[in-house]
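Q: Okay, handing you the structure first.
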Amino acid sequence: PKFSIWGLTIRFLKLGLPYKGRILATILVCLVASGAKSLQIFIMKPLIDNARGLGKAAPADKIAEKAPDWVQQLLRPADWDLKTLAILARGTAALMFIFGWLKDYLTNFLTGRLLADLRNKIAHHLPFLSLKYHYDRRSGDLVSRITNDVAVTESASNFFFDDMIVQPITALCGIGLILQTNWKLAAGASVFFIFYF
1 PKFSIWGLTI RFLKLGLPYK GRILATILVC LVASGAKSLQ IFIMKPLIDN
51 ARGLGKAAPA DKIAEKAPDW VQQLLRPADW DLKTLAILAR GTAALMFIFG
101 WLKDYLTNFL TGRLLADLRN KIAHHLPFLS LKYHYDRRSG DLVSRITNDV
151 AVTESASNFF FDDMIVQPIT ALCGIGLILQ TNWKLAAGAS VFFIFYF
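Using the numbering used here, the first residue of the sequence shown is number 1, and each one after it goes up by one.
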């Protein structure tokens, strides 16, 4: 029989409705983890510029002038010294470690719960099937559907949580940093990105 991919996808996503809160928490954790990863890349620019002697003090804007000293320091990447870079690098590494672990924990929990719920649904459905259905099939086949076939859907669950949530968030954070660093270069690179995509 023919199946609609979108129909199966919607049915699969409905399994996650009881875990809306945890899914939202996972998305928020992914935002922080992706932001920290992107910030770690952003730290490399002043490090390289300062090492090459290219870092020049940028004029403070109106917001920076009224801000505390440590905020003014953060708003001027060209003025970052090695101590500031080391603190930021350690801070982002800690954020990546903590929120990366949380992301893995939450996604593994959600995947495990979805698979358990799917197995329970199948197990509850089987007793209500006709006797002819059970007579025509081997018990090993039914057991395999509950265990092995459900396990195959784990890759689909990982796809939704990783490829459809984590990766787009990481890409958006990266695009934001590129635009903030040099929007002209980003605009030129985006032309080739369209062809790559």
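All C-beta atoms, glycine included, are put in the ideal place defined by N, C-alpha and C. This structure is a prediction, so every number in the text was calculated from the model and none was measured.
Which two residues bound the contiguous alpha helix (DSSP H) that contains Tyr-133?
A: On the sequence shown, position 133 is the one that residue 133 refers to. Unbroken alpha helix (DSSP H) run through Tyr-133: 131 to 136.
Q: What does a CB cutoff of less than 7 Å around Lys-62 pick up in its chain, not counting 5 residues either side in sequence?
A: Reading the sequence shown from its first residue, position 62 is the one you call residue 62. Its pLDDT being 48, under 50, Lys-62 is placed unreliably in this model, and the value from its coordinates should be taken loosely. None.
Q: Can you grab the Cα-Cα spacing for the pair Asp-163 / Lys-103, in whole Å?
A: Taking the sequence shown and counting its residues from 1, the one referred to as residue 163 is at position 163. Taking the sequence shown and counting its residues from 1, the one referred to as residue 103 is at position 103. Cα to Cα, Asp-163 sits roughly 13 Å from Lys-103.
Q: How many Å lie between Val-29 and Gly-188 at the Cα?
A: In the sequence shown, counting from the first residue as 1, residue 29 sits at position 29. In the sequence shown, counting from the first residue as 1, residue 188 sits at position 188. Their Cα atoms are separated by approximately 32 Å.
Q: Are the beta-carbon atoms belonging to Ser-34 and Thr-170 less than 8 Å from one another?
A: Within the sequence shown, the letter at position 34 stands for residue 34. Within the sequence shown, the letter at position 170 stands for residue 170. Judged by their CB atoms, Ser-34 and Thr-170 are nearer to each other than the 8 Å cut-off.
Q: Is Phe-160 near the ligand ATP, in the sense that its beta carbon is under 7 Å from a heavy atom of that ligand?
A: Only the bare structure without any ligand can be found here, which leaves the ligand ATP out of the picture.
Q: If contacts are defined as beta-carbon pairs under 8 Å, then Phe-99 and Val-32 qualify, I think. What distance do you get, rounded to the angstrom?
A: Looking up residue 99 in the sequence shown gives position 99. Looking up residue 32 in the sequence shown gives position 32. With 8 Å as the limit, Phe-99 and Val-32 qualify as a contact, their Cβ atoms being about 5 Å apart.
Q: Does DSSP put Phe-197 in a helix, in a strand, or in coil?
A: For this step, residue 197 is matched to residue 197 along the sequence shown. DSSP places Phe-197 in coil when its eight states are reduced to three.
Q: Secondary structure at Gly-16, three-state DSSP: helix, strand or coil?
A: On the sequence shown, residue 16 is found 16 positions in, with the first residue counted as 1. If DSSP states are grouped into helix, strand and coil, Gly-16 belongs with coil.
Q: One question on the structure: do Ser-38 and Leu-177 come within less than 8 Å of each other, judged by their Cβ atoms?
A: The sequence position of residue 38 within the sequence shown is 38, counting from 1. The sequence position of residue 177 within the sequence shown is 177, counting from 1. For Ser-38 and Leu-177, yes; Cβs fall inside 8 Å.
Q: Figure out for me which residue from Leu-8, Leu-126 and Leu-13 has the closest Cα to the Cα of Arg-113.
A: As a position in the sequence shown, residue 113 is number 113, starting the count at 1. Among Leu-8, Leu-126 and Leu-13, the Cα nearest to that of Arg-113 is on Leu-13.
Q: Nearest to Leu-110 by alpha carbon, out of Phe-192, Phe-195 and Leu-24?
A: To locate residue 110, count along the sequence shown from 1; it is residue 110. The shortest Cα separation from Leu-110 among Phe-192, Phe-195 and Leu-24 belongs to Leu-24.
Q: At what residues does the alpha helix (DSSP H) containing Phe-109 begin and finish?
A: To locate residue 109, count along the sequence shown from 1; it is residue 109. Run containing Phe-109: 82 to 125, per the alpha helix (DSSP H) assignment.
Q: Measure the C-alpha to C-alpha separation of Thr-92 and Leu-85 and round it to an integer number of angstroms.
A: What you label residue 92 is simply residue 92 of the sequence shown in a count that begins at 1. What you label residue 85 is simply residue 85 of the sequence shown in a count that begins at 1. About 10 Å.
Q: Going by beta carbon distance, what residues of the same chain come within less than 8 Å of Thr-26, once the five residues before and after it are set aside?
A: In the sequence shown, the residue the question calls residue 26 occupies position 26. Around Thr-26: Lys-103, Leu-106, Thr-107, Leu-110, Phe-161 and Ile-165.
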